[in-house]
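Novice: Quick one: the structure is below, questions incoming.
Chains as they are written, first to last, in the numbering used here: chain A, 115 to 660; chain B, 3 to 261.
Right under this line is the structure:
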């Protein structure tokens, strides 16, 4: 096939094929949807449930947006909302590549199709589904909330359609441009991180909503002023401009969205042509030698202790960065460990003791150590022949964890204290953090040996089917035990805080907590080591289930 | 090394998974210094047996002695002397080939400089030098088997256990693996490998054990097990009771051009 396959086809057929191609592709999309639902009752139920939920949600936000009508700041909600909608459509195909089979134009590669009718057909087919329906509800609500007067409503109808098309074209253009990425290993690695984006995004939205609730919609003014010129939000900006009588601004904003749509379609068409006329490069790419990884890290690696300890630490640290599952778990822990205490402190609702959250969240990474290895644990198992080997292995993993956790927990604690201005409490909170971290490492090491479970490498699940109970026992039992183990330090903190003379002695909690945490970790490792050494085959079986 | 030295002594080995008996009482003496093939159809219990011989799976009953040391009571002595390449288990795939060898060698307690020297030679011999900085997750099946073999050989074990080392491997990689294994056994070391490809076993091994339905059906030097049969394939089919099944008269419509 040549690059100009589109223009080279029989010109007489062009006029007659245009409509059928669109109809065929839309019918194909409907058939895929129907057959997917026919496949299993569970899938049907899930689809119907998500449809009902989505419609409920759409109805609710429609009511909400209509209720917003008349509020002078309504446009501050609708414009950013449309921008967020556009962003959502742009990133969705990156994280859910398997979601829509018609998103994959390489399936049509054997058919003699010209790019322009194909783009039109795929664009229209993309409008079929729950996602576009939801987007349309949201846009309709936004138009109703923003528009005043007949001219604005006419603009609103055009704006809603335009914004929807921009969203869909954006998703398609991104998906086509990244198709090679999405079918490669790196793309799948990226998809595993999507859960994390949602988890952290939910935290940020939560805090954003709290802030909005406390200080009103006026806070969004500056954001809306910029976004009203950015497509697809500029379409909604046009509705507002027309409502206020500035027709020129409105026309410009509509034109911006129209231009964006044209540019996206052109980009998409170019990507589509290139994709369908060039060979699949995914295996060729894999055969190329990649960057020199060994030489890059050897400098820092030399600082690690020699022998098994350093070897285990090096591998653990490499996995934090390179293994998508491990990376996702770490980034989630790091982000939530920071967001909860610091955001609460910023809003003045927090307490310095929230800083212990960082230590707690990061300590979770010590749990199910061998499950994180997957069935590659056999490579570890064949080199452990004594309790001492098992002890050094577990200690190496704990040290690798401490290398990140200790400075991070300290940083979060200092930051939280600084934000709250409660410097007197710093030593005791640090002491409490370190004691908690030690307790988490101890219980984590022990439950790694006692309750190992498999972590599936693909998809979003973190527990293999049938082992959810094991994971619960491991993590929640461990966290409760860790809290109980910290009871003496907590009691001491309360004692110092409630007695008159305690204030002067509360700094003692820093050395005491640190010592106590260290002792707990060492004790935990010593208890876990013999269990690990004697249960190697059982651990291997437990972590090889996915 | 004399022919009589026993490398691995197995007595009364049993393993059940629920209702299914995977290994039903194996007694076997594997001679040292030989190229040993463990053959059998799919589901015969080869992988289960090899896992139990290498300490990766705990048997329900029975004992395993490797060069005179009990595997479960004296693991320190045993684990240092054996190399393993299991089937169906992952490697640390987010390391590069070279990093994987560096990691394995150091876990084995070898000095760093020695590990790096051996790794370089193994990567060269196994034709992996060009891909040594690539992550193992991006390796092909043949490359994975080769890097797994390198990791198993790194500490110069006395006995090497390989589970289906040629499964899914292209002919070029297979020849490379073969060359390395032949050189290794020529030095007096023992190789135990499982396979269901009879021609391969016949051309590589000088001692075989035939397994079917969790039991050892025959074992001994290749010529002895083959007996009067023209090939190991024929002898094997007779041993597992599948001989003559091919002479079916059904499907007589198949081929020949007629409808």
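A virtual CB, placed ideally from N, CA and C, is assigned to each residue, including glycine.
Examine chain A for any beta-carbon lying closer than 8 Å to the beta-carbon of residue 253/B, and answer yes or no.
Specialist: Not one chain A Cβ lies under 8 Å of residue 253/B.
Novice: Nearest to residue 337/A by CA position, among 375/A, 196/A, 371/A, is which residue?
Specialist: Checked all of 375/A, 196/A, 371/A; the closest Cα to residue 337/A is 196/A.
Novice: Tell me, to the nearest whole angstrom, how far the beta carbon of residue 485/A is from that of residue 589/A; I am working on the premise that it is less than 8 Å.
Specialist: So it is not a contact: roughly 11 Å between Cβ atoms.
Novice: Shorter than 8 Å from the beta carbon of residue 163/B to some beta carbon of chain A?
Specialist: Residue 163/B does not count as touching chain A.
Novice: Check each candidate in 35/B, 12/B, 32/B, 39/B and name the one with the smallest Cα separation from residue 26/B.
Specialist: Residue 12/B is the option with its Cα nearest to residue 26/B.
Novice: Can you tell which of 319/A, 141/A, 632/A, 173/A has the C-alpha that lies nearest to the C-alpha of residue 454/A?
Specialist: When each option's Cα is compared against that of residue 454/A, the closest is 319/A.
Novice: For the segment 429–443 of chain A, enumerate the residues whose C-beta is nearer than 7 Å to any C-beta of chain B, in chain order.
Specialist: Residues 429, 432, 433, 436, 437.
Novice: So, with DSSP's three-state summary, where would you put residue 397/A?
Specialist: Residue confidence is low: residue 397/A scores 44 on pLDDT, short of 50, so the model does not pin down where it sits. Its coordinate-derived value is still stated next. In the structure shown, residue 397/A sits in a helix (DSSP, three-state: H, G or I).
Novice: Along chain A, in chain order, which residues have C-beta atoms closer than 8 Å to that of residue 187/B?
Specialist: Neighbours of residue 187/B on chain A: none; closest Cβ ~21 Å, over 8 Å.
Novice: Under a three-way DSSP split, which group does residue 607/A fall into?
Specialist: In this structure, residue 607/A counts as helix in the three-state DSSP scheme.
Novice: Have a look at 439/A, 556/A, 469/A, 422/A and flag the residue whose alpha-carbon is nearest the alpha-carbon of residue 503/A.
Specialist: With distances taken between Cα atoms, residue 503/A lies closest to 422/A.
Novice: What three-state label does DSSP hand residue 16/B in the structure shown?
Specialist: Of the three classes helix, strand and coil, the one that applies to residue 16/B here is strand, per DSSP.
Novice: Would the C-beta of residue 361/A count as close to the ligand ADP, meaning under 7 Å from any of its heavy atoms?
Specialist: The ligand ADP is not part of this structure, which contains no ligands at all.
Novice: Using the beta-carbon of each residue, which ones in chain B are nearer than 9 Å to residue 586/A?
Specialist: By Cβ distance, chain B contributes nothing, its closest Cβ being about 24 Å from residue 586/A, past 9 Å.
Novice: So residue 10/B contacts chain A; which residues on that side make the cut at Cβ distance below 9 Å?
Specialist: Per Cβ cutoff of 9 Å: no residues; residue 10/B is ~16 Å from chain A at best.
Novice: Specify, as a first and last residue, the run of the beta strand (DSSP E) that residue 565/A falls within.
Specialist: Looking at the DSSP string, residue 565/A is not in any beta strand (DSSP E), and its letter there is neither H nor E.
Novice: Check whether the segment 523–534 of chain A touches the segment 113–131 of chain B, counting contact only when three or more Cβ pairs, one atom from each stretch, lie closer than 8 Å.
Specialist: Verdict: no, contact absent.
Novice: How would you list, in chain order, the residues of chain A whose beta-carbon sits under 7 Å from the beta-carbon of residue 106/B?
Specialist: Simply 493.
Novice: Nearest to residue 357/A by CA position, among 631/A, 270/A, 249/A, 482/A, is which residue?
Specialist: Among 631/A, 270/A, 249/A, 482/A, the Cα nearest to that of residue 357/A belongs to 270/A.
Novice: Are the beta-carbon atoms belonging to residue 24/B and residue 47/B less than 8 Å from one another?
Specialist: Yes.
Novice: Can you list, in chain order, the stretches of the alpha helix (DSSP H) that have 4 or more residues and sit fully within the segment 224–274 of chain A?
Specialist: If we require 4 residues or more, the alpha helix (DSSP H) runs fully inside the segment 224–274 of chain A come out as 229–240, 244–260.
Novice: Bridge partners for residue 95/B per DSSP, in chain order?
Specialist: Per DSSP, none; premise fails for residue 95/B.
Novice: Give the interface partners of residue 422/A over in chain B, defined as CB-CB distance under 8 Å, in chain order.
Specialist: Within 8 Å Cβ-Cβ: 108, 109, 111.
Novice: Would you please verify whether the beta carbon of residue 73/B is less than 8 Å from any beta carbon of chain A?
Specialist: Answer no: the Cβ-Cβ gap between residue 73/B and chain A never drops below 8 Å.
Novice: Does the count of Cβ pairs from the segment 269–283 of chain A and the segment 240–252 of chain A closer than 8 Å reach three?
Specialist: Verdict: yes, contact present.
Novice: Could you tell me which residues DSSP puts in a beta bridge with residue 28/B?
Specialist: For residue 28/B, which the question treats as bridged, DSSP gives the partners 15/B.
Novice: Quick one: Cα of residue 657/A to Cα of residue 96/B, how far?
Specialist: Approximately 17 Å, taken between the alpha carbons.
Novice: Using DSSP bridges, identify the partner residues of residue 217/B.
Specialist: Per DSSP, 214/B.
Novice: At 4 residues or longer, what runs of the alpha helix (DSSP H) sit wholly inside the segment 493–539 of chain A?
Specialist: Segments of the alpha helix (DSSP H) lying fully in the segment 493–539 of chain A: 501–534.
Novice: Under 8 Å by Cβ, that's how I've got residue 237/A and residue 283/A pegged, so tell me the actual separation to the nearest angstrom.
Specialist: With a Cβ gap of about 6 Å, residue 237/A and residue 283/A count as contacting.
Novice: What does the alpha-carbon distance come out to for the pair residue 105/B and residue 119/B?
Specialist: Roughly 13 Å separates the two Cα atoms.
Novice: Any C-beta of chain B sitting closer than 8 Å to the C-beta of residue 652/A?
Specialist: Yes, because at least one Cβ of chain B sits closer than 8 Å to the Cβ of residue 652/A.
Novice: Rounding to the nearest angstrom, what Cα-Cα distance links residue 646/A and residue 245/A in this structure?
Specialist: Computed Cα separation, rounded: 49 Å.
Novice: When DSSP builds the beta bridges, which residues end up paired with residue 63/B?
Specialist: Paired residues: 16/B.
Novice: Under 8 Å between the Cβ atoms of residue 10/B and residue 496/A?
Specialist: Against a cut-off of 8 Å, the Cβ pair of residue 496/A and residue 10/B comes out as no contact.
Novice: With 16 as the cutoff for other CB atoms within 10 Å, does residue 235/A come out buried or exposed?
Specialist: Result: buried.
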